[in-house]
Amino acid sequence: MAKIRRMYFREKVPLREIARRTGLSRNTVRSWLRQTDAVEPKYPKRVSPSVVDEWAAQLTGWLRADSHRPKRDRRTARFMFEAIRGEGYAGSYGRVSAFVRRWHEEQAETPRRKAYVPLAFEPGEAFQFDWSCEYAFIGGLRRRLEVAHVKLNASRAFWLVAYPTQSHEMLFDAHARAFAAFGGVPRRGIYDNMKTAVDKVGRGKERAVNARFEAMCSHYLFEPDFCNRAAGWEKGIVEKNVQDRRRQIWHEAALRRWETLEILNEWVAGQCREAWHMRHPQWPELTVEDVL
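First residue of the sequence shown? That's 18 in the working numbering, and the numbers climb one at a time after it.
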């Protein structure tokens with residue numbers, strides 16, 4: 018349902034085209050769009066799963082990787098078939114070939130984004146999220162805090178909020194505050210495989226996304242993108258932000274005494290906005306706030 022909501026409300030894809038892409042009837046699509054909650058309706062399956070479904074994530078990973086290579090260096094459908102057959106695939110070559118063909122057809126139908134060389138990310142395209150553990154004196158006691166970091170990939174604007182735990186409620190509140198501060202919601206969010214977002218990590222990019230987390234993504238109409246295992250560099254922008262803010266914000270925060278967590282977060286918010294006056298690392302003639 019989240020994908021359908023993004024196509025209709027954010028990308029302005031016509032209902033008829035959504036039905037064609039998803040294989041659902043227009044009535045079903047229309048019914049889902051009318052749902053006020055973000056829980057996908059459950060229907061009995063009409064067809065049995067294909068034997069190739071178990072290998073879809075691996076095949077898709079190969080196809081995506083090969084899309085950046087010269088044609089002569091790309092894996093053929095026959096090569097993929099032989100590779101997964103050696104790992105236990107029991108289906109036919111025809112099913113693999115059909116999967117590859119459908120994937121290429123879907124890519125051909127997807128509008129290409131414009132490429133801007135100076136930026137790895139377009140403005141408004143993506144943000145990265147991470148947690149860090151910090152300490153501060155609140156109410157006379159030294160307390161451990163879980164700090165949410167949300168950083169925009171293009172402008173480098175960031176927002177920090179401290180919480181007592183990393184619960185779903187804290188996670189949702191952090192996103193709400195950050196999007197309000199930024200004045201909008203990017204199209205994609207990049208995360209590690211944190212427990213509040215991912216129930217189970219599968220093969221390649223396959224994830225069993227937590228229902229409450231997926232409901233939040235559907236509400237804000239952004240697509241979650243989870244890093245590969247042991248690949249923290251895929252969200253290196255926010256991980257560097259954790260280290261930078263520890264020196265520039267939390268070192269001072271730890272030396273002060275705070276009456277309440279709310280007062281601390283008000284001060285942190287002011288520090289975030291002040292940091293937006295820094296020069297942008299790629300365009301020194303502009304500030305972070307200018308690019309935001």
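Note that the Cβ used here is the ideal one computed from N, Cα and C, for glycine as well.
This structure is a prediction, so every number in the text was calculated from the model and none was measured.
The alpha carbon of Gly-108 has as its nearest neighbour, out of Asp-70, Lys-88, Pro-301, the alpha carbon of Asp-70.
Secondary structure note for Gln-260: its alpha helix (DSSP H) is the uninterrupted segment 253-262. Our two residues, Trp-300 and Phe-96, have alpha carbons roughly 45 Å apart in a direct line. By the Cβ criterion, the segment 194-201 is not in contact with the segment 213-230, since fewer than three pairs of Cβ atoms, one from each stretch, lie closer than 8 Å.
In this chain, Lys-29 is not harboured by any beta strand (DSSP E), its DSSP state being neither H nor E. If you ignore the 5 residues before and after Arg-33, its C-beta comes within less than 7 Å of the C-beta of Arg-43, all in its own chain and listed in chain order. Beta-bridge partners assigned by DSSP to Asp-147: His-166.
In the DSSP annotation of this structure, Val-69 is not part of any alpha helix (DSSP H), being labelled neither H nor E. Arg-159 and Ala-193 have their C-alpha atoms roughly 27 Å apart. Bridge pairing for Glu-240: Arg-205 [DSSP]. Here the alpha carbons of Arg-89 and Met-233 stand approximately 42 Å from one another. With distances taken between CA atoms, Gly-253 lies nearest to Asp-209 out of Ser-67, Asp-209, Arg-27. When rounded, the separation of the alpha-carbon atoms in Phe-144 and Met-295 is 19 Å. Under the DSSP assignment, Asp-190 falls in the alpha helix (DSSP H) whose first and last residues are 185-199. Between Met-211 and the set Ser-184, Val-202, Pro-203, the nearest pair of CA atoms involves Ser-184.
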